[in-house]
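The opening position of the sequence shown corresponds to residue 1387 in this note's numbering, with each subsequent residue numbered one higher.
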Amino acid sequence: MPIGLAIASILMLFISFWTLNVARDPSVWRLWWMDLLGVLDVDLDREQRRGQERQMSFVCYTLFLLLLATSLSGAFWTVDQVREYKRDKTRFEREVERSNREIEKVQSQPQSIKR
């Protein structure tokens, strides 16, 4: 079952909405980011700060779209893999799986060297 892909899709969905939240109010998040890095914001004038906030907003909106598309794609492929897993196999597919299991069983047995 594609559990890893489903978990990754859910995480991407939450991260994408977090970036949307950042893009909606970049001034708070810019200050938080500056505090995290330990950078004092005393030498920038208002226009430079607004320019940084616009850039941050643009990048976050772009990230939102990319992460949302990734999440939706992962959800689609998860559903597709679950459908494929639950689908009845054809006779040929069952024979191939049975042959692969027999080959793996033979390969996993210890080989004895007889002289």
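Quick reminder that beta carbons are idealized off the backbone N, C-alpha and C, glycines included.
What's the C-alpha gap between residue i and residue j?
i: Asn1502; j: Arg1416; result: Residue coverage of the chain in this structure runs from 1387 to 1501, which leaves residue 1502 outside it and unanswerable.
i: Ser1498; j: Ala1461; result: 48 Å
i: Glu1490; j: Thr1448; result: 47 Å
i: Thr1476; j: Ser1494; result: 27 Å
i: Val1414; j: Ser1443; result: 11 Å
Can you tell me where the alpha helix (DSSP H) holding residue i begins and where it ends?
i: Asp1421; result: Pro1412 to Leu1423
i: Ser1443; result: Arg1432 to Lys1472
i: Lys1475; result: Neither: Lys1475 is in no alpha helix (DSSP H) and is coded neither H nor E.
Cutting at 6 Å between CB atoms, please list the residues of its own chain near residue i, excluding the five before and the five after it.
i: Leu1399; result: Ser1457
i: Gln1467; result: Pro1388
Which residue from the options puts its Cα closest to that of residue i?
i: Cys1446; options: Ala1394, Arg1410 and Ser1494; result: Arg1410
i: Trp1404; options: Met1442, Phe1450, Glu1479 and Trp1418; result: Phe1450
Who are the near neighbours of residue i in its chain, counting only those whose CB is closer than 7 Å to its CB and skipping five residues on each side?
i: Ala1394; result: Gly1460
Identify, in the order they occur along the chain, each residue of the same chain with its Cβ nearer than 8 Å to the Cβ of residue i, setting aside the five sequence neighbours on each side.
i: Trp1463; result: Pro1388 and Leu1391
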